[in-house]
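Student:
Number of protein chains: 2
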Amino acid sequence: MDAAGPLALRRRATFAAGISLPPLDERSAAAFGSPGGSTGPENRRGRAVETVQAKSRSEKKKDRNDLSDTLSCHKAQESLLSSTSGYNNYRGILNWCVVMLVLSNARLFLENLLKYGVLVDPIQVISLFLKDPYSWPAACLLIVSNVFILVALYTERQLSKGTFSERVGFLVHCINMAVMLTFPAAVVLLVPSTTPVGGVFVVGTYSVLFLKMYSYKDVNLWCRELSTIKAKKLARSLSCPSPQQFSGKVCYPGNLTIRDMYYFVLAPTLCYELNFPRSPKIRMSFLLRRLFEMLFFIQLLVCLTQQWMIPIIQSSMKPLEDMDLSRMTERLLRLAVPNHLLWLMFFYSFFHSSLNFTAELLRFGDRQFYKDWWNSETVTYFWQNWNIPVHKWCLRHFYKPLLRKGFSKMVSQSAVFFLSAFFHEYLVSVPLRMFRLWSFLGMMAQIPLAWFVGRFLRGNYGNAAVWMSIIIGQPFAILMYVHDYYVRNYRHDAD
Amino acid sequence: MDAAGPLALRRRATFAAGISLPPLDERSAAAFGSPGGSTGPENRRGRAVETVQAKSRSEKKKDRNDLSDTLSCHKAQESLLSSTSGYNNYRGILNWCVVMLVLSNARLFLENLLKYGVLVDPIQVISLFLKDPYSWPAACLLIVSNVFILVALYTERQLSKGTFSERVGFLVHCINMAVMLTFPAAVVLLVPSTTPVGGVFVVGTYSVLFLKMYSYKDVNLWCRELSTIKAKKLARSLSCPSPQQFSGKVCYPGNLTIRDMYYFVLAPTLCYELNFPRSPKIRMSFLLRRLFEMLFFIQLLVCLTQQWMIPIIQSSMKPLEDMDLSRMTERLLRLAVPNHLLWLMFFYSFFHSSLNFTAELLRFGDRQFYKDWWNSETVTYFWQNWNIPVHKWCLRHFYKPLLRKGFSKMVSQSAVFFLSAFFHEYLVSVPLRMFRLWSFLGMMAQIPLAWFVGRFLRGNYGNAAVWMSIIIGQPFAILMYVHDYYVRNYRHDAD
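So the protein sequences, as listed, match chains C and R.
For the first sequence, the positions run 1 to 495 when UniProt numbering is used.
For the second sequence, the positions run 1 to 495 when UniProt numbering is used.
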């Protein structure tokens, strides 16, 4: 209304000259205006109408003159939806989309409740973590992880003192990190009391630790390289500048403490730095809000999974076994909506609530855990912006070193996708004890997809294509795994 | 990306001062930039990276210096979704909504096909119009309608000549128009071979004719009143100004021809005018596009009704009979989406395609058949803008005359809603041969709804409320009628 107002007024002014019967005087023109143009805001600015009312009682003759305006009530003009009208205010369409989405999902929710009843069961959640109450493999593995942290710290200390040569240190680090990836995987695969959820938790934690230790090793190496140069050149003035200038800052060998190491391990980043930016104080209200969000979304995630996802997945088993293509597509699309909503909630609760909560507790200053991936018009932009900690790590410790070694951008980028695909597969296959490569292939498929979207789609079309790949791609991979998992674990039972 | 670019650049500039280890020289600073800030556009503006590549082969020492920048890769900053970040670019959300809607409906479409198979049947459409191939009541009634048109024209001619006095003319018009509403209704109610669809068609056509004849009578009356005043005052200079100034324009008694009358009857407007604005020529491409749209949308409407609406309505019968409230709500929401899409298609095909097609054929200039109701923030604004021909008629021949007679705005507005409610009920009840008042009550319920939305909701909330009332209100009324229709016509068969 407000946006269209000036346009309508301008149009009215333009067409006023074309009215066939000119108004007799100015007052009558004001009283009737142009009937076509002023219809909308009539009940708001009732000025013109009130004038008519006041007059209708006093002077009968004037009204007759007004009729001459009423006689012509059409103007030559185009429909708003005609391309020639130049009209383009479709603000209401966004509200329409939101209302339609809310209504459609309210319907789905009600249908689901009527069909399945209430399936939410908080006790069931415990069983996801615990199979055998006397065996806690996941918890034990988390305690053991400290060993690897301390080995990394010890190695760096020896390196800084010169007790280990660079070659020996590199070797120890390599062995340490290789064991960090293989040991938990072996435990999860071999100890039967590990549940898939516990397995994901352990394998995820170890992967994060692996990336952190890799960064720790790299940064300390760079510090040693720098101080060697500086020692030759500027007498260490840059590796650790004059104390009065950078008071409170830690310099290279001074950072190799347990306190510094555990701060890095707990901090919401994968890239080590000697002096992290710190926030001035812990804001209690911020902390509590993030905590509330975390708890709320985790509850909601569990409820929606039990009530919405699992029935769909279970009802997909039959079509999947029979390879009934049209029914499979229907289940896939049916799964896509709840899966996508769960992913969005997971994104918010993890990347916004949890990481900000941790950062606030540790007074960690850099809160850029994600960027505006929701506006991404290319697949590459999405992968570069939805998970900033991992992206930053890839860039600093993998992509740029590759470029410095002389590899081309194309090769380096593909290598990053390959690494990412490896970790995706690792995080899924090990806990499920199935090596099916769906996750790996899903990540590798991003390379041709990125090329296609970047080449052929622009602006909103590119953005829609990225959303489409997120919404459809994930449930596709999930259905693949679930199919294989069910077929392996449950069909044998049924036979 | 483009929108975020300048912001990111500005931020980078702001934070550049805070980097703990200052770059050794300008070139190395340019080479590495700030790793956190420049991650997004890396693969597009590969300038910085290419510099590194070039250098990596030539000077090893420089790289070491670059490392000092790499060492600090964090900056104190807030997450984008934190309220303190000041970020508000959620352009991608609209695309998300569209993608989600398309996917949800693709799923529904597939589910429907799997459940019911193909229900589209073009032959069935004919049976909607024709019950008994030897009795065509709807077509006969359409031919008879010419009688009423000619009676109105004859009456006006007699009035212009003075053969009829104003009182006699008014009486004849009243009788003519009363018969126009009652005669087709009586035929539809009494002739058993009239189908509901044929009935809607006839009753709708007669209603439109009624409104047109009412306008015709009013305008000619105003012309006579005007010419009486002018004759006294300006010697007819205004009723028909000097010929050289308004060449080609018709003046009062000259308009009472069969040609002029039928042009008005066929023209896409309800308000009579002596000299309609005319478009300069018939644009063939415009005409064909509108024709194609009409045919396409009518096809689509029929297909969707057969495939989507009817199964839902049929499956709603059982819950409706049992008055099972939660299942009724589920069916209502399930019906709301296809019904709303059909209404949108009907709106476009009728108000844009058909009326523009007719207007183009008749070179009728005023194409304002609707305004931007999709942006309406109040219920009143919606009713004033979605159907401009009817709104214009109500304003010119009902609302303004009431105001001129001294009624208050509130009373006049309610009277318009009452008239509209009457016609809505008339158009539904007569063809269905059921007088249930659901449609009437639905229209009258708009008055408290308009008050509520106008009083409590503003901006986007008001807009969402209007959408909600459109999307939910219609299927609610439809279910009411369908329930009664089925219960009356089919339960007896089943018993």
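Built from N, CA and C at the ideal position, the CB exists for glycine as well.
#1: Find the nearest neighbour of residue 496 of chain R within the set C/HIS74, C/SER193 and C/SER429, judged by alpha-carbon distance.
#2: Any beta carbon from chain R within less than 8 angstroms of C/ASN88's own beta carbon?
#3: Against C/ASN255, what residues of chain R qualify as contacts under a CB-to-CB distance less than 7 angstroms, listed in chain order?
#4: Under 9 angstroms Cβ-Cβ, which residues of chain R neighbour C/GLN474?
#5: With DSSP as the reference, please indicate the residues paired to C/GLN77 in a beta bridge.
#6: Mind listing the chain C neighbours of R/LEU432? Cutoff is C-beta to C-beta under 7 angstroms, in chain order.
#7: For a contact defined as C-beta to C-beta under 8 angstroms, what are the partners of R/ILE298 on chain C?
#8: Taking C-beta to C-beta, are C/TYR206 and C/PRO184 nearer than 8 angstroms?
#9: Do we get a CB-CB distance below 8 angstroms when we pair C/TRP467 with the residues of chain R?
#10: If you follow the alpha helix (DSSP H) that C/PHE210 is part of, which residue opens it and which one closes it?
#11: Classify R/ARG91 as helix, strand or coil using the three-state DSSP reduction.
#12: Could you name the residues of chain C that R/CYS73 contacts, counting a contact when the two beta carbons are closer than 8 angstroms?
#13: Note down, in chain order, each residue of its chain lying with its Cβ closer than 7 angstroms to the Cβ of R/MET294, except the 5 sequence neighbours on either side.
#14: Look at C/GLU360 and C/LEU287 and say whether their C-beta atoms are less than 8 angstroms apart.
#15: What residue range is occupied by the uninterrupted alpha helix (DSSP H) comprising C/ASN463?
#16: Select from the segment 323-352 of chain C all residues with a C-beta closer than 7 angstroms to any C-beta belonging to chain R, and list them in chain order.
#17: If I measure Cβ to Cβ from C/LEU432 and keep anything under 7 angstroms in the same chain, skipping five residues before and after, which residues do I get?
#18: Under a CB-based cut-off of 8 angstroms, is C/ASP366 close to chain R?
#19: Does DSSP classify residue 496 of chain R as helix, strand or coil?
#20: When you check each C-beta in the segment 89-109 of chain R against every C-beta of chain C, which residues fall closer than 7 angstroms?
#21: Does DSSP put C/ARG283 in a helix, in a strand, or in coil?
#22: Closest to C/ALA178 by C-alpha separation, out of C/GLU166, C/VAL202, C/ILE143 and C/TYR214, would be which residue?
#23: Taking 6 angstroms as the limit between beta carbons, can you name the residues of its chain near C/GLN158, skipping five residues before and five after?
#24: Determine the closest residue to C/ILE471 out of R/ASN95, R/THR228, R/ARG278 and R/PHE351, with distance taken between C-alpha atoms.
#25: Looking at the C-beta of C/PRO111, does it have a partner C-beta in chain R at a distance below 8 angstroms?
#26: Kindly say whether C/PRO277, judged by its beta-carbon, lies nearer than 8 angstroms to any beta-carbon of chain R.
#27: I need the straight-line Cα distance from C/PHE296 to C/ARG367, nearest angstrom please.
#28: Alpha carbon to alpha carbon, what distance is there between C/LEU437 and C/VAL302?
#29: Under a Cβ-count criterion, where at least 16 other Cβ atoms within 10 Å of its own Cβ denotes burial, should R/TRP451 be classed as buried or exposed?
#30: At least one CB of chain R closer than 8 angstroms to the CB of C/ALA477: is that the case?
#31: Between which two residues does the alpha helix (DSSP H) containing R/PRO133 stretch?
#32: In the DSSP assignment, find the alpha helix (DSSP H) that holds residue 498 of chain C and state where it starts and stops.
#33: R/PRO241 by DSSP, collapsed to three states: which one?
#34: Taking CB distances under 8 angstroms as the criterion, tell me whether R/VAL453 reaches chain C.
#35: Is it the case that the CB of C/SER127 approaches a heavy atom of the ligand SAH more closely than 7 angstroms?
Tutor: With the given structure in hand:
#1: Nothing about residue 496 of chain R can be reported from this structure: the residues present for chain R run from 1 to 495 only.
#2: Start at 1 with the first residue of the first sequence, and residue 88 of chain C comes out as number 88. By this cut-off, C/ASN88 is not an interface position.
#3: Locating residue 255 of chain C in the first sequence gives position 255, counting from the first residue. Simply none; closest approach about 11 angstroms.
#4: The sequence position of residue 474 of chain C within the first sequence is 474, counting from 1. Think of a sphere of 9 angstroms around the beta carbon of C/GLN474: no beta carbon from chain R falls inside it, the nearest being about 13 angstroms out.
#5: Reading the first sequence from its first residue, position 77 is the one you call residue 77 of chain C. C/GLN77 is bridged to R/ASP366.
#6: Numbered from its first residue, the second sequence carries residue 432 of chain R at position 432. Under the 7 angstroms cutoff, chain C gives no residues; its nearest Cβ is about 27 angstroms from R/LEU432.
#7: To locate residue 298 of chain R, count along the second sequence from 1; it is residue 298. By Cβ distance, chain C contributes nothing, its closest Cβ being about 18 angstroms from R/ILE298, past 8 angstroms.
#8: Translated into positions along the first sequence, residue 206 of chain C becomes position 206. Translated into positions along the first sequence, residue 184 of chain C becomes position 184. Yes, the Cβ-Cβ distance between C/TYR206 and C/PRO184 is below 8 angstroms.
#9: Along the first sequence, one-based indexing puts residue 467 of chain C at 467. So yes, C/TRP467 belongs to the interface.
#10: Looking up residue 210 of chain C in the first sequence gives position 210. Here the alpha helix (DSSP H) through C/PHE210 covers 196-233.
#11: As a position in the second sequence, residue 91 of chain R is number 91, starting the count at 1. R/ARG91 falls in the coil class under three-state DSSP.
#12: Translated into the one-based positions of the second sequence, residue 73 of chain R becomes position 73. Correct list: CYS271, GLU273, LYS392 and ARG396.
#13: For the purposes of this step, residue 294 of chain R is taken as residue 294 along the second sequence, with counting starting at 1. Excluding sequence neighbours, R/MET294 sits near SER349, SER353, SER354 and PHE357.
#14: Within the first sequence, the letter at position 360 stands for residue 360 of chain C. Within the first sequence, the letter at position 287 stands for residue 287 of chain C. Contact: yes.
#15: Locating residue 463 of chain C in the first sequence gives position 463, where the first residue counts as 1. Taken as a continuous stretch (DSSP letters only), the alpha helix (DSSP H) holding C/ASN463 covers 459-489.
#16: SER326, ARG327, THR329, GLU330, LEU333, ARG334, ALA336, VAL337 and HIS352
#17: The residue labelled residue 432 of chain C in the question sits at position 432 within the first sequence. Around C/LEU432: PRO196, TYR481 and TYR485.
#18: Residue mapping note: residue 366 of chain C aligns to position 366 of the first sequence, counting from 1. Yes, C/ASP366 counts as interfacial toward chain R.
#19: This structure cannot settle anything about residue 496 of chain R, because the visible part of chain R is limited to 1 through 495.
#20: ASN89, TYR90, ARG91, GLY92, ILE93, LEU94, ASN95, TRP96, CYS97, VAL98, VAL99, MET100, LEU101, LEU103, SER104, ALA106 and ARG107
#21: In the first sequence, residue 283 of chain C corresponds to position 283, counting from 1. Coil at C/ARG283, not helix or strand.
#22: Residue numbering aside, residue 178 of chain C sits at position 178 when the first sequence is read from its first letter. Out of C/GLU166, C/VAL202, C/ILE143 and C/TYR214, C/TYR214 has the C-alpha closest to the C-alpha of C/ALA178.
#23: In the first sequence, residue 158 of chain C corresponds to position 158, counting from 1. Excluding sequence neighbours, C/GLN158 sits near PHE164.
#24: As a first step, residue 471 of chain C is located in the first sequence; it is residue number 471 there, counting from the start. When R/ASN95, R/THR228, R/ARG278 and R/PHE351 are compared, the shortest CA-CA separation from C/ILE471 is found for R/ASN95.
#25: Here residue 111 of chain C refers to the residue found at position 111 when the first sequence is read from its first residue. It is worth fixing the name first, because residue 111 of chain C is Glu in this sequence and not Pro. Yes - at least one Cβ of chain R is within 8 angstroms of the one on C/GLU111.
#26: Your numbering for residue 277 of chain C matches position 277 in the first sequence. It does; some Cβ of chain R falls within 8 angstroms.
#27: One-based indexing of the first sequence puts residue 296 of chain C at position 296. One-based indexing of the first sequence puts residue 367 of chain C at position 367. If I take the Cα positions, the gap works out to 21 angstroms.
#28: To locate residue 302 of chain C, count along the first sequence from 1; it is residue 302. To locate residue 437 of chain C, count along the first sequence from 1; it is residue 437. Their backbone Cα atoms lie some 27 angstroms apart in a straight line.
#29: The count along the second sequence starts at 1 and reaches residue 451 of chain R at position 451. With fewer than 16 Cβ atoms within 10 Å of its Cβ, R/TRP451 is classed as exposed.
#30: Locating residue 477 of chain C in the first sequence gives position 477, where the first residue counts as 1. Interface flag for C/ALA477 against chain R is unset, since no Cβ pair is found closer than 8 angstroms.
#31: As a position in the second sequence, residue 133 of chain R is number 133, starting the count at 1. From DSSP, R/PRO133 is part of no alpha helix (DSSP H); its letter is neither H nor E.
#32: For chain C, the structure presents residues 1 to 495; residue 498 of chain C sits outside this window and is missing.
#33: Start at 1 with the first residue of the second sequence, and residue 241 of chain R comes out as number 241. With a pLDDT of 48 at R/PRO241, under the threshold of 50, the modelled position of this residue cannot be trusted; read the value that follows with caution. Looking at R/PRO241 - three-state DSSP - the assignment turns out to be coil, as it is neither helix nor strand.
#34: Here residue 453 of chain R is taken as the residue at index 453 of the second sequence, counted from 1. Output row for R/VAL453: interface = no.
#35: Only the bare structure without any ligand can be found here, which leaves the ligand SAH out of the picture.
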